[in-house]
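Q:
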Ligand SMILES: CC(C)(COP(=O)(O)OP(=O)(O)OC[C@H]1O[C@@H](n2cnc3c(N)ncnc32)[C@H](O)[C@@H]1OP(=O)(O)O)[C@@H](O)C(=O)NCCC(=O)NCCS
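Residue numbers (our numbering): 4 to 265.
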């Protein structure tokens, strides 16, 4: 690590959120982090460092538009700290002598839209025990108290509930699940690890959604349906029967489009 990089990393404030990703998804989540409540006692301080895949150094140095976005939020730029580092630099920081001597936990949010890539990042980082994945829910979301008990911070990792979501009774979600803006989960819905529920989706009662699924914006899944792992649902799709084969499905009623998912 060059001395220049080392100095830059040393200047990162201790209460920083490390946001994996630096695209639109990460910028949306950054706003949640800065302005919404944490479920797990994570920090709400105005410090975000974007962590991008190693090899994108050149791109990330020119990624200043992120900062311009936050200048428009009405908060004083003087109070905030933004930067971008690569995943290798992040790991170097966790492995540095200073971190070994002072093992505080690094607070991480996955700002990556693809469930598969999110899972790969978590897998790559799993040996670093001092990483803490923030759970948070946006102000204006509703979580039934009968589901809330299952959402307690001790048992959850990386759960993100966007603004306007309604989560009713008996809902269970896995690790690193992201419920995007204004989605509705009716009673007794189960959602597997790393899955993302798109904005405005409605998941009716007694529905099981597998791991690494990506439910498109405005999709509907009717009652008593199961969706297997690794399914992408197109925007506006309506699922009316079980989906037992991984792949991409679109339309009303949803039909198989192709193999592979996001
Ligand atoms: C389903 C999806 C993943 C397919 O993307 P893709 O693999 O790039 O597919 P293409 O754009 O090549 O489209 C392939 C065919 O599917 C059709 N199609 C694509 N998305 C569709 C959708 N949501 N509903 C109905 N048909 C759709 C296209 O019209 C095209 O049909 P054709 O072959 O007859 O021309 C994508 O279109 C989609 O809906 N993504 C979800 C976006 C979203 O909701 N994001 C959440 C925002 S946070």
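The C-beta atom is built at its ideal place from N, Cα and C for all residues, glycine as well.
In angstroms, rounded to a whole number, what distance separates the CA positions of residue 1 and residue 221?
A: The first residue shown for the chain is 4 and the last is 265, placing residue 1 beyond what the model contains.
Q: What's the call for residue 139, buried or exposed, on a 16-neighbour Cβ count within 10 Å?
A: Counting Cβ neighbours within 10 Å, residue 139 comes out buried, since at least 16 surround it.
Q: Restricting to Cα atoms, I'd like to know which of 216, 173 and 53 is closest to residue 122.
A: Of the listed residues, the one whose Cα sits closest to residue 122 is 216.
Q: Could you tell me how far apart the beta carbons of residue 224 and residue 253 are, in whole angstroms, since I believe they sit closer than 8 Å?
A: 14 Å between Cβ atoms; not a contact.
Q: To the nearest angstrom, how far is the alpha carbon of residue 143 from that of residue 6?
A: The C-alpha of residue 6 is placed about 45 Å away from the C-alpha of residue 143.
Q: Apart from the five residues on each side of it in sequence, which residues of its chain come closer than 6 Å, Cβ to Cβ, to residue 210?
A: 192, 224 and 228
Q: With distances taken Cα to Cα, identify the nearest neighbour of residue 232 among 113, 248, 219 and 226.
A: 248
Q: State the CB to CB distance for the pair residue 116 and residue 35, rounded to an integer number of angstroms; the pair is presumed to be in contact (CB under 8 Å).
A: Distance from residue 116 to residue 35 at the Cβ level is roughly 15 Å; contact not present, criterion being Cβ atoms closer than 8 Å.
Q: Assuming residue 250 and residue 258 form a contact by the criterion Cβ under 8 Å, report the distance between their Cβ atoms to the nearest whole angstrom.
A: Wrong, their Cβ atoms sit about 10 Å apart, outside the cutoff.
Q: Just curious, the beta strand (DSSP E) that residue 53 is in, first and last residue?
A: 50 to 55
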